[in-house]
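Residue numbers (the numbering used here): 410 to 546.
All C-beta atoms in this analysis are idealised placements derived from N, C-alpha and C, irrespective of residue type, glycine included.
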């Protein structure tokens, strides 16, 4: 009996049982970013016609298309969370500007680690990374 071959996750380049076609509403610029930075230059397998809507990555109201890649469950969840991270990061920066900046002008907030979908590769330590923000005097 031949072994079953599962599709390959475009993010970590491994065949897995949970790999499925996953769809994302993305603008052209974010599609280029994911293709180059996270998906080993493997473009979307299918692109819909353009529609006006919110890009799931940059959260801008713009022209988007449904883009399709093979991703495993874990990579799909991570990909889907990046846009929400951008909203949260902006909320922190807005709060700082409204609540802290005027009262403590000697303090400066710096975004230290921008949320981005990066390739997932063997040997990478999971769950470790730099602090998202730094406060400096």
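Using CA coordinates, which residue listed in the options is at the minimum distance from residue i?
i           : options               : result
residue 434 : 509, 516, 422 and 453 : 453
residue 542 : 516, 511 and 471      : 516
residue 436 : 540, 466, 420 and 449 : 466
residue 459 : 525, 427, 473 and 451 : 473
residue 455 : 484, 424, 423 and 432 : 432
residue 498 : 525, 461, 442 and 441 : 525
Return the CA-CA distance between residue i and residue j, expressed in angstroms with no decimal places.
i           : j           : result
residue 496 : residue 519 : 16 Å
residue 429 : residue 416 : 7 Å
residue 439 : residue 503 : 23 Å
residue 446 : residue 545 : 30 Å
residue 506 : residue 512 : 10 Å
residue 451 : residue 457 : 17 Å
residue 449 : residue 427 : 20 Å
residue 538 : residue 523 : 11 Å
residue 470 : residue 510 : 29 Å
What are the partner residues of residue i, as DSSP defines its beta bridges?
i           : result
residue 478 : 431
By the 10 Å Cβ neighbour count, where 16 or more other Cβ atoms means buried, how is residue i classified, buried or exposed?
i           : result
residue 540 : exposed
residue 420 : buried
residue 480 : buried
residue 410 : The pLDDT assigned to residue 410 is 44, lower than 50, so where the model puts this residue is not dependable; a value taken from the coordinates is nonetheless given after this. Per the 10 Å Cβ criterion, exposed.
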